[in-house]
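Be aware that the sequence shown starts at 15, since it is given in our numbering, and climbs by one per residue.
In this text, a Cβ means the ideal position worked out from N, Cα and C, and glycines have one as well.
This structure is a prediction, so every number in the text was calculated from the model and none was measured.
Everything below concerns the one structure shown next.
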Amino acid sequence: MPKKASELSAVDIRRLTEPGFHAVGGVAGLLMQVTKTGAKTWVLRARIGNRRRDMGLGGFPDVTLAQAREKAREAREQISQGTDPVESRKLARAALVAEREKIITFEQAVEKFLVLKTGEFKNRKHAAQWSTTLETYANPIIGTLPVDRIEVAHVVEVLTRNDLWNEKTETATRVRGRIEAVLAWAIVSGFRSDPNPAQWRGRLDAILPKPGKVKSVQHFKALPVGGMHQFMTDLRKRDGIAARALEFAILTAARSGEVRGARWSEVDLEASTWTVPAERMKANRVHVVPLNDDAIILLKALPTFEGTDLLFPSTRLTQLSDMALTAVLRRMGVDATVHGFRSTFRDWCSEFTNYPHEIAEMALAHSIPSAVERAYRRGDLLTKRRLLMRDWEKFLTRRIESQGSLVAIRESRA
């Protein structure tokens, strides 16, 4: 047992100036440490097991004499019960640090999420859209909030501010889905334990009206099926790479981006196929397009250019812009969109043919049941789709007699 010291008063404590340790009494082992600079701190010296430990109790005068004695008594009680107060404090401090490390804001969560998920985005533009929409709509409201404190009310505020849900429904639904994805990552990563407040079913659907009920869906403008004959006649009289790219898109029922990024290395003229790699497909799966006769004729008439593998390069031998094909339609005075021709194709399939639903959906590279996809991989749907695309070609070329010439944008050096 430490030698029992006489109890010092608060006045005595203030008068201590000699550097070193001074017993203050009241609790065995309670000391006042005075440094050379005159600073004073409380120390409890005690034997814990076989070791003598010095335990800091705080500085004077922030911790008064009475408070120091109370802390010393509590520490002595812990020691008597077999607990090391020094180690307990270290563990508590470590737990606090660990808990603080688990706290991240929504903005920080978005940054971490995007770094990890960048590989899933098709291109930089897609990743930038994610970041921009969340910065614009979510961050002003929940950006600085820790992810574990975001509630349904916060998400609703994001989606309804400036009447976003009603005025820009499509944008609002994307924002909601992106918030849900970020918070789902936060839950799995241990930064949040509560259910996802951005989840639609069972949560937000009880508060917000369904997107389809808020605003009618805006479809891409499309030409009626009956107008395709004359349109193709007029289109084939047009010269230029963009006109041929549009014609090829219609003949293959492909998306604009797929056509503008098409490369000679993807085309097998002998097999009459165009294989679009997964990274350029919306569904992120390889898509084999059967080429009908007119598509083959169009490709064989195209010039090739040294320095690019693109089927339809711009004058700089880079990919055509997303407005190049639209510009062709505008010059022709046609009130339709490039994507709308896929809708026209789908209408033709439904109204003028007896091909099964899944054949038309596969031709458009839409997602279909896995059983049908397995059949496609065996080749039977490719054969049926080839017949479908040949019938589409016949429908488009009926009564079409003339075809415009293609003016090379640069002399081929190949």
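Taken through DSSP and simplified to helix, strand or coil, I117 comes out as coil. DSSP, read as helix, strand or coil, puts Q95 in coil. Per DSSP, A60 is one residue of the beta strand (DSSP E) stretching across K54 to I62. The DSSP-derived three-state label of R399 is helix. With fewer than 16 other Cβ atoms inside 10 Å of its own Cβ, L130 counts as exposed. Going by DSSP, V290 is part of the beta strand (DSSP E) stretching over T287 to V290.
Burial check for P211: the Cβ neighbour count within 10 Å reaches 16 or more, so the residue is buried. In the three-state scheme derived from DSSP, where H, G and I count as helix and E and B as strand, V273 is classed as helix.
In the displayed model, A379 falls within coil according to three-state DSSP, outside both helix and strand. A distance below 6 Å between beta-carbons, with the five flanking residues on each side excluded, links A276 to the following residues of its chain, in chain order: L325. Of the other Cβ atoms in all chains shown, 16 or more fall within 10 Å of the Cβ of R206; this residue is therefore buried. Nearest to Q143 by alpha-carbon distance, out of L128, K235 and V342, is L128. Distance between L22 and R163, taken at the CA atoms: about 49 Å. Going by DSSP, R188 is part of the alpha helix (DSSP H) stretching over T183 to V202. In this structure A267 is in contact with A377, their Cβ atoms being roughly 6 Å apart against a cut-off of 8 Å. Per DSSP, the unbroken alpha helix (DSSP H) holding L339 starts and ends at A338 to M346. Rounded to whole angstroms, the gap between the alpha carbons of M246 and L305 is 17 Å. By the Cβ test, the segment 287-306 is not in contact with the segment 341-349, since fewer than three Cβ pairs between them sit closer than 8 Å.
Note on geometry: alpha-carbon atoms of V290 and L396 lie some 14 Å from one another. Secondary structure at P225: helix, using DSSP grouped into helix, strand and coil. Contact annotation, R83 with G43: C-beta distance approximately 11 Å; criterion of less than 8 Å not satisfied. A residue is called buried once 16 or more other Cβ atoms fall within 10 Å of its Cβ, and T183 is buried on that count.
Assignment of H353 by DSSP, reduced to helix, strand and coil, places it in the coil class. When R90, R65 and L45 are compared, the shortest CA-CA separation from G73 is found for L45. Three or more beta-carbon pairs separated by less than 8 Å are not found between the segment 318-332 and the segment 399-413, which leaves the two stretches without contact. Within the same chain, Cβ atoms closer than 6 Å to the Cβ of W199 are found at F127, the five residues on either side in sequence being excluded. By the criterion of a C-beta distance shorter than 7 Å, I156 is surrounded in its chain by F120, I164, H168 and V172, once the five residues flanking it on both sides are discounted.
A152 and R294 have their alpha carbons spaced roughly 29 Å apart.
Around W179, the same chain offers L173, A186, L222 and V228 as residues with beta carbons nearer than 7 Å, after the five sequence neighbours per side are excluded. Sequence-distant partners of R192 (beyond 5 residues in either direction) whose C-beta falls short of 7 Å from its own C-beta, in its chain, are W144, T147 and L148. Its Cα nearest to that of Q47, the residue D68 stands out among D68, T132, N64 and I62. Taking the Cα positions, S357 is about 17 Å away from D405. Counting along the chain, the unbroken alpha helix (DSSP H) around F245 starts and ends at M242 to L249. Per DSSP, P238 lies in no beta strand (DSSP E) segment and is marked neither H nor E. Around D307, the same chain offers R404 and E407 as residues with beta carbons nearer than 8 Å, after the five sequence neighbours per side are excluded. With a threshold of 16 other beta carbon atoms within 10 Å, R103 falls short and is exposed.
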